[in-house]
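**Student:**
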Amino acid sequence: MSVRRPLQLPTVSPMVFRRLTRISVILLALIVVTGGAVRLTGSGLGCPTWPRCGENSFVTQPEYAAHGWIEFGNRLLTTAVGLVMLLLPLVSLRLGQRRRDLVLLSFGLWLGFLGQVVLGGLTVLFKLHPALVAGHFLLSMLLLLDVVVLDRRARSGPGVVRPACGRELLGLARLLVAVAGAVLVLGTVVTGTGPHSGDSTEAKRFGFDITNVAQLHADAAMLLVGLVVATVLAVRVGGAPREAVRASTALAAIAIAQAGVGFTQYFTGIPVGLVELHIAGATALWIVALRVWLAMVERPAPVDLPVPATTDPADAIEPAVV
Numbered sequence: 000m001s002v003r004r005p006l007q008l009p010t011v012s013p014m015v016f017r018r019l020t021r022i023s024v025i026l027l028a029l030i031v032v033t034g035g036a037v038r039l040t041g042s043g044l045g046c047p048t049w050p051r052c053g054e055n056s057f058v059t060q061p062e063y064a065a066h067g068w069i070e071f072g073n074r075l076l077t078t079a080v081g082l083v084m085l086l087l088p089l090v091s092l093r094l095g096q097r098r099r100d101l102v103l104l105s106f107g108l109w110l111g112f113l114g115q116v117v118l119g120g121l122t123v124l125f126k127l128h129p130a131l132v133a134g135h136f137l138l139s140m141l142l143l144l145d146v147v148v149l150d151r152r153a154r155s156g157p158g159v160v161r162p163a164c165g166r167e168l169l170g171l172a173r174l175l176v177a178v179a180g181a182v183l184v185l186g187t188v189v190t191g192t193g194p195h196s197g198d199s200t201e202a203k204r205f206g207f208d209i210t211n212v213a214q215l216h217a218d219a220a221m222l223l224v225g226l227v228v229a230t231v232l233a234v235r236v237g238g239a240p241r242e243a244v245r246a247s248t249a250l251a252a253i254a255i256a257q258a259g260v261g262f263t264q265y266f267t268g269i270p271v272g273l274v275e276l277h278i279a280g281a282t283a284l285w286i287v288a289l290r291v292w293l294a295m296v297e298r299p300a301p302v303d304l305p306v307p308a309t310t311d312p313a314d315a316i317e318p319a320v321v
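Residue numbers for the sequence shown follow numbering that gives the first Met the number 0, beginning at 0 and rising by one.
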């Protein structure tokens, strides 16, 4: 009598995993932009309850009009993102050569997304309190940090990581990311103080003077532009990889455009269209700044070799890569 072996799920190609990580980058960036559209159109409470859109339905109702459809559409996109976030950890466990760093980063995305769901519910419950709205945005930036690192590592192999440039240039790239993060935080303070509360009726705002916080944000942004210019020059003089050179050039273009949009929106009364463009630019700037930093190290080339069928994939777990 033959012994029935337990059902084994098939292994997944590294190429499939890479496609999923790239899709995740796009979806997470897109949901930041659509979330901004929800706030700027005053649709933050277009669905007045959560997770339902009203008392008896998960779908928007006619009485909620356009605001309801905008908020409901954003929730649908959030659901799509959630499905991908759930799929990534499962796929990472079924890679032919399972890697601990990819598994941990994938599960980090999943946990971060669960945090976003809880925070989104609290944001609706507390009627779009600016601190919760700011936290919602900043957690999205942390998720983008996770997924950009994951996407980068999925395109490399396991093994020793070596600096691809001098210590000074690597330190400059780290400072660039830190200042970019500070600019994002200050941007949420400006947003929470300004007129676009996310609701079509009056909502709570931070009690800061908008002129002062906008000036502080502008000062930090100009510091960031200076660091971007320094990075563009340093990567060319310091012999950084071509990937870092290309990424720094793209970052310079985004940073200059962001500065222009920021000043224009301030002097023109913060129009909705420019604010939405500024949100999209901030998201792109954050992603590219992270790519500049990640390009400063040399990782092994990917090795797409399946594990033999007789090998337990759990034996292929590697130590975490720093």
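Don't be surprised by glycine CBs; every beta carbon is placed ideally from N, CA and C. Remember, predicted model here, so these are calculated numbers, not experimental data.
Which stretch, first to last residue, makes up the alpha helix (DSSP H) that contains A65?
**Tutor:** Per DSSP, A65 belongs to the alpha helix (DSSP H) from 64–92.
**Student:** Applying the criterion that 16 or more other CB atoms from any shown protein chain within 10 Å of the CB defines a buried residue, is F266 buried or exposed?
**Tutor:** The residue in question, F266, is exposed, as its Cβ has fewer than 16 Cβ neighbours within 10 Å.
**Student:** Quick one: grab the DSSP three-state call for V11.
**Tutor:** It is a strand residue.
**Student:** For G53 versus C46, is the C-beta spacing smaller than 8 angstroms?
**Tutor:** Cβ distance < 8 angstroms, so G53 and C46 count as in contact.
**Student:** Work out the CA separation of P194 and F207 for me, nearest whole Å.
**Tutor:** Rounded to whole angstroms, F207 to P194 spans 12 angstroms at the Cα level.
**Student:** Could you give the residue range of the alpha helix (DSSP H) that holds V58?
**Tutor:** Premise fails: V58 is in no alpha helix (DSSP H) and is neither H nor E.
**Student:** If we ignore side chains and look at the alpha-carbon of each, how far apart do W49 and L124 end up?
**Tutor:** Computed Cα separation, rounded: 8 angstroms.
**Student:** For P129, which residues from the same chain have a beta carbon less than 7 angstroms from its beta carbon, with the 5 sequence-adjacent residues on both sides left out?
**Tutor:** Excluding residues within five positions, the ones whose Cβ falls inside 7 angstroms are G191, K203, R204, F205.
**Student:** Is the number of C-beta pairs between the segment 232–247 and the segment 6–25 that are closer than 8 angstroms three or more?
**Tutor:** As far as the Cβ criterion goes, the segment 232–247 does not touch the segment 6–25, which means the pair count is below three.
**Student:** Please report the distance separating the alpha-carbon of E317 from that of G225.
**Tutor:** Residue confidence for E317 is low, a pLDDT of 38 falling below 50, so the modelled location carries little weight; the figure read from the coordinates is stated next. The straight-line gap from Cα to Cα measures roughly 40 angstroms.
**Student:** Name the DSSP beta bridge partners of V296, please?
**Tutor:** According to DSSP, which records beta bridges pairwise, V296 is partnered with P162.
**Student:** Alpha carbon to alpha carbon, what distance is there between L103 and V147?
**Tutor:** If you take the alpha carbons of V147 and L103, they lie about 14 angstroms apart.
**Student:** Taking the C-alpha atoms as reference points, what is the distance between P157 and P301?
**Tutor:** Near 8 angstroms, if we compare the C-alpha coordinates of P301 and P157.
**Student:** Measure the alpha-carbon distance for R161 versus V271 and round it to whole angstroms.
**Tutor:** So the alpha carbons of these two residues sit roughly 45 angstroms apart.
**Student:** Which runs of the alpha helix (DSSP H) fall wholly inside the segment 133–218 and span at least 4 residues, in chain order?
**Tutor:** Fully enclosed alpha helix (DSSP H) runs of 4 or longer: 166–192.
**Student:** Could you check how far apart the C-beta atoms of L29 and K126 are, in whole angstroms? I think they sit under 8 angstroms.
**Tutor:** That belief does not hold up - the Cβ atoms of L29 and K126 are roughly 26 angstroms apart, past 8 angstroms.
**Student:** Alpha carbon to alpha carbon, how far is M295 from G180? Give it in angstroms, no decimals.
**Tutor:** When rounded, the distance between both Cα atoms is 18 angstroms.
**Student:** Between the C-alpha atoms of A233 and L171, what's the straight-line distance to the nearest angstrom?
**Tutor:** Cα to Cα, the separation comes out at about 9 angstroms.
**Student:** If we count the other Cβ atoms within 10 Å of its Cβ and call it buried at 16 or more, is L276 buried or exposed?
**Tutor:** Buried is the call here.
**Student:** Express the C-alpha separation of H216 and V287 in angstroms, rounding to a whole number.
**Tutor:** Rounded to the nearest angstrom, the two C-alpha atoms are 20 angstroms apart.
**Student:** Name the residue from I22, A133, A239, V231 whose alpha carbon lies nearest to the alpha carbon of A252.
**Tutor:** The candidate whose alpha carbon is nearest that of A252 is V231.
**Student:** Use the C-beta contact count for S42: other C-beta atoms within 10 angstroms, 16 or more gives buried, fewer gives exposed.
**Tutor:** Result: buried.
**Student:** Just the C-alpha distance for L250 and R99, rounded to the nearest angstrom, thanks.
**Tutor:** Straight-line Cα distance between these residues: approximately 31 angstroms.
**Student:** When burial is assigned at 16 or more other CB atoms within 10 Å of the CB, is L223 buried or exposed?
**Tutor:** When all chains shown are included, L223 counts as buried.
**Student:** Candidates A256, V189, T187, T10: which alpha carbon is nearest L92's?
**Tutor:** Nearest C-alpha to L92: T10.
**Student:** Would you report the Cα separation of P61 and L39, rounded to the nearest angstrom?
**Tutor:** Computed Cα separation, rounded: 21 angstroms.
**Student:** From A153 to L101, what does the alpha carbon distance come to, in whole angstroms?
**Tutor:** Computed Cα separation, rounded: 7 angstroms.
**Student:** Do the CB positions of L86 and M140 come within less than 8 angstroms of each other?
**Tutor:** Cβ distance not < 8 angstroms, so L86 and M140 don't count as in contact.
**Student:** In whole angstroms, give me the CA-to-CA distance for F90 and Q96.
**Tutor:** Position check: residue 90 holds Val in this sequence, whereas Phe was assumed. If you take the alpha carbons of V90 and Q96, they lie about 11 angstroms apart.
**Student:** Please report the straight-line C-alpha distance between A163 and E297, rounded to a whole angstrom.
**Tutor:** Distance between the alpha carbons of A163 and E297: 5 angstroms.
**Student:** Can L185 and A219 be called in contact, C-beta distance under 8 angstroms?
**Tutor:** Yes, the Cβ-Cβ distance between L185 and A219 is below 8 angstroms.
**Student:** Name the two residues that bound the continuous alpha helix (DSSP H) containing F106.
**Tutor:** Here the alpha helix (DSSP H) through F106 covers 99–124.
**Student:** Can you tell me whether N73 is buried or exposed, with buried defined as 16 or more other CB within 10 angstroms of its CB?
**Tutor:** Buried, since its Cβ has 16 or more Cβ neighbours within 10 Å.
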